[in-house]
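Please read the structure below before turning to the comments.
In my numbering, the protein residues as written are 95 to 488.
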């Protein structure tokens, strides 16, 4: 869909405003009946502020415009748990806020739905069926009135920790510290017609898409040298733009153990600078905690090795992070619009340093927490040498 923003008008704006009114985000709005004063086809200031508030509350990028991802989130927000029967639909699964609420409720009770991703897939259906068997209902995997009544009657089963944290951490603990044989998906941001941030520099022109691919290609080489299987989501010059939804689907098809998306930020203010990392998480407490740990390790390693400003790690519900079935992070490596950051980013040696920081963070991910090492202490060259020596003697 095209992006809808302030100044636009028409049926799409009316529908957007109707959802925002229903969510109580347009001040003073209590009715959505046709002809009411709140039914409008104008995307005005109040609508933009409501969209921004919605994006902030849902962990989306806050720009006040309704693109494809914000629109899907608005449609999902219409549903409240109990307002419809939930079931596994094939090939198009049910999605919505009601699905996310159900998933989080089941997680609190100890059932394995994986990530609370708002998608009613096979794993959620199995968890519902398990719950139904335990309370004496027919285990059909669908959440209707009887199942909802049973859910309301029961409290938490699990205390002392988040079950999804325990499952994710246990899987990493059993996989061992060796990187050999593990699979990582490296995602260079943007590409094709979408160049991302573009900054002219005299006769040169720097683009986020090209620099992100260069870092991704370097990272592919370093991780492969450490024994990992590496897949890139795109080549250097794709014909078509790949959406975040398509990138997540591709990563799931490739079956990676980790997903790392590389971007470079930009801002109208040239004073904005620094590195930030993002992982899946909501303001309801649901989080990919292994992804959160990886984001923290990547952030600290890059800051320690490059001197970029530490802009911290952040939880987001972007589809790129929410819909990947493996722990995922997005890294914003500096600001191309910052003269200081740009001077570093266009230096191939600096990009090598960034890549080595990411490799060190990936290695630390697989160390048991009680055997972790200080930030900046891993020599990536030693990792490669150790793998080469092991291969030669095998």
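Cβ coordinates follow ideal geometry from the N, Cα and C atoms, glycine included.
In this structure, residue 307 lies near residue 330, with their beta-carbon atoms less than 8 Å apart.
The Cβ neighbour count for residue 465, taken over all protein chains shown within 10 Å, is under 16; the residue is labelled exposed.
Counting along the chain, residue 325 sits inside the beta strand (DSSP E) bounded by residues 323 to 326. Remark: C-beta atoms of residue 386 and residue 375 approach each other more closely than 8 Å.
Taken atom to atom, the span from the alpha-carbon of residue 445 to that of residue 108 is near 46 Å.
Spanning the alpha carbons of residue 146 and residue 159 requires a straight line of approximately 8 Å. Linking residue 179 to residue 96 through their CA atoms gives a straight-line distance of about 31 Å. Between residue 192 and residue 173, the C-beta gap is smaller than 8 Å, which places the two residues in contact. Membership of residue 353 in the beta strand (DSSP E) is indicated by the continuous run 352 to 359. Spatial neighbours of residue 176 in its own chain (CB-CB distance under 6 Å, excluding positions within 5 residues in sequence) are listed in chain order as 242.
Runs of beta strand (DSSP E) with 3 or more residues, each lying fully within the region 266 to 319, are found at 277 to 282, 292 to 295, 298 to 301, listed in chain order.
Closest by C-alpha distance to residue 436, out of 422, 294, 314, is 294. Runs of the alpha helix (DSSP H) spanning 4 or more residues and lying entirely within the region 390 to 420 occur at 413 to 416, in chain order. Looking at the backbone, the Cα of residue 222 and that of residue 237 are separated by about 7 Å. The C-alpha of residue 450 is placed about 9 Å away from the C-alpha of residue 472. Looking at the DSSP output, residue 340 bridges to nothing. Each of 430, 276, 182, 211 was checked against the Cα of residue 363, and the nearest Cα belongs to 430.
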